[in-house]
Amino acid sequence: DTEVTQTPKHLVMGMTNKKSLKCEQHMGHRAMYWYKQKAKKPPELMFVYSYEKLSINESVPSRFSPECPNSSLLNLHLHALQPEDSALYLCASSQDYPLLNEQFFGPGTRLTVL
Amino acid sequence: GENVEQHPSTLSVQEGDSAVIKCTYSDSASNYFPWYKQELGKRPQLIIDIRSNVGEKKDQRIAVTLNKTAKHFSLHITETQPEDSAVYFCAASSLGGSQGNLIFGKGTKLSVKP
Numbered sequence: 023d024t025e026v027t028q029t030p031k032h033l034v035m036g037m038t039n040k041k042s043l044k045c046e047q048h049m050g051h052r053a054m055y056w057y058k059q060k061a062k063k064p065p066e067l068m069f070v071y072s073y074e075k076l077s078i079n080e081s082v083p084s085r086f087s088p089e090c091p092n093s094s095l096l097n098l099h100l101h102a103l104q105p106e107d108s109a110l111y112l113c114a115s116s117q118d119y120p121l122l123n124e125q126f127f128g129p130g131t132r133l134t135v136l
Numbered sequence: 087g088e089n090v091e092q093h094p095s096t097l098s099v100q101e102g103d104s105a106v107i108k109c110t111y112s113d114s115a116s117n118y119f120p121w122y123k124q125e126l127g128k129r130p131q132l133i134i135d136i137r138s139n140v141g142e143k144k145d146q147r148i149a150v151t152l153n154k155t156a157k158h159f160s161l162h163i164t165e166t167q168p169e170d171s172a173v174y175f176c177a178a179s180s181l182g183g184s185q186g187n188l189i190f191g192k193g194t195k196l197s198v199k200p
């Protein structure tokens, strides 16, 4: 299996809702990432997990809460989001962190906050 | 920290022509330079990468060149086809180093006209 998968593909939520995004990889990668991508912009790094531990938090607001239950799974818990948080949320994985080899992206979750 | 500049921001070519996208980077410690292709609504897909120990790499119609002295690298697509239309992102990283993340350029929207 050489893919990163993400669910759901689309998510619409209100500002008072709580939802979660899920990411999975079965490539034996030890590093997993969350990125946020706005239209016509490059991916913007949010979090990095290495060996299931949070290595990088790029000053992301606490309404985004990452979780890495095991080496194959990565979640992003969402609570009290703002309309400006609407974006494509991409998960990625790589063999190691710091990066030693290629980084592969999942298909993303298109999030709309009303 | 690392900064990656990418030009042009948009590029329109006729089918069959060549396309060249250029990136410059600032951190001489960067040693890994991937290129991602992102079609509308899809994930960034790694199409080719180069490490600092080589000057050029080719994969069918796609090639990447690296000039370490000048700190720039370029993507060359020959015999362009309509399916090459997408946004292309360059990135830089220091494999195994302190800059363990991918630093992306702002992207180039390539349009190939039939």
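So the sequences go chain by chain: X and S. Counting in my numbering, the first sequence runs without a single skipped number right up to 136 at its last residue. Counting in my numbering, the second sequence runs without a single skipped number right up to 200 at its last residue. Positions of the beta carbon are idealized from the N, C-alpha and C atoms, including for glycine.
Pro64 (chain X) and Thr131 (chain X) closer than 7 Å at C-beta: Counting from 1 along the first sequence, the entry for residue 64 (chain X) is found at position 42. Counting from 1 along the first sequence, the entry for residue 131 (chain X) is found at position 109. Cβ atoms of Pro64 (chain X) and Thr131 (chain X): not closer than 7 Å.
Complete beta strand (DSSP E) runs within the segment 107 to 162 of chain S (minimum length 3 residues, chain order): With a minimum length of 3 residues, the continuous beta strand (DSSP E) runs that stay inside the segment 107 to 162 of chain S are 118 to 124, 131 to 137, 142 to 145, 148 to 153.
With 16 other Cβ atoms within 10 Å as the buried cut-off, status of Glu46 (chain X): Residue numbering aside, residue 46 (chain X) sits at position 24 when the first sequence is read from its first letter. By the 10 Å Cβ count, Glu46 (chain X) comes out buried.
Buried or exposed (CB count within 10 angstroms, at least 16 for buried), Ser112 (chain S): Numbered from its first residue, the second sequence carries residue 112 (chain S) at position 26. Result: exposed.
Met54 (chain X) classed as buried or exposed, judged by whether at least 16 other C-beta atoms fall within 10 angstroms: On the first sequence, residue 54 (chain X) is found 32 positions in, with the first residue counted as 1. Note on Met54 (chain X): 16 or more other CB atoms within 10 angstroms of its CB, so buried under the neighbour-count rule.
Residue environment, Thr38 (chain X), which counts as buried when at least 16 other CB atoms sit within 10 Å: Residue mapping note: residue 38 (chain X) aligns to position 16 of the first sequence, counting from 1. With fewer than 16 Cβ atoms within 10 Å of its Cβ, Thr38 (chain X) is classed as exposed.
Beta carbon of Gly191 (chain S) nearer than 7 Å to that of Gln92 (chain S): The residue you call residue 191 (chain S) lines up with position 105 of the second sequence. The residue you call residue 92 (chain S) lines up with position 6 of the second sequence. At the C-beta level, Gly191 (chain S) and Gln92 (chain S) come within 7 Å of one another.
Identity of the residue in X:Arg52, X:Pro88, X:Phe69, X:Ser115 nearest Ser141 (chain X) by Cα: The structure shown does not extend to residue 141 (chain X), since chain X is modelled only from 23 to 136, so the question has no answer here.
Span of the beta strand (DSSP E) around Glu165 (chain S): Numbered from 1 along the second sequence, position 79 holds the residue referred to as residue 165 (chain S). Glu165 (chain S) -> no beta strand (DSSP E), and no H or E assigned at all.
Within chain S, partners of Gln47 (chain X) - CB distance below 7 Å: Looking up residue 47 (chain X) in the first sequence gives position 25. Those do not exist, as Gln47 (chain X) stays about 13 Å from chain S at its closest Cβ, beyond 7 Å.
Ordered list of beta strand (DSSP E) runs contained in the segment 170 to 195 of chain S, each at least 3 residues: Runs found: 172 to 178.
Neighbourhood of Ala109 (chain X) by C-beta, 7 Å cutoff - its chain only, sequence neighbours within 5 removed: On the first sequence, residue 109 (chain X) is found 87 positions in, with the first residue counted as 1. Excluding residues within five positions, the ones whose Cβ falls inside 7 Å are Lys58, Gln59, Lys60, Leu133.
Cutoff 7 Å: Gly73 (chain X) Cβ touching any chain S Cβ: Start at 1 with the first residue of the first sequence, and residue 73 (chain X) comes out as number 51. Before going further, note that residue 73 (chain X) is Tyr rather than Gly in the sequence given. No, Tyr73 (chain X) does not count as interfacial toward chain S.
Length at least 4, wholly inside the segment 76 to 106 of chain X: the alpha helix (DSSP H) runs in chain order: Within the segment 76 to 106 of chain X, complete alpha helix (DSSP H) segments of at least 4 residues are not found at all.
Reduced DSSP secondary structure (H/G/I, E/B, other) of Tyr71 (chain X): What you label residue 71 (chain X) is simply residue 49 of the first sequence in a count that begins at 1. Three-state result, Tyr71 (chain X): strand.
Cβ of Tyr111 (chain X) within 7 Å of any chain S Cβ: For the purposes of this step, residue 111 (chain X) is taken as the residue at position 89 of the first sequence. Judged by the 7 Å Cβ criterion, Tyr111 (chain X) is not in contact with chain S.
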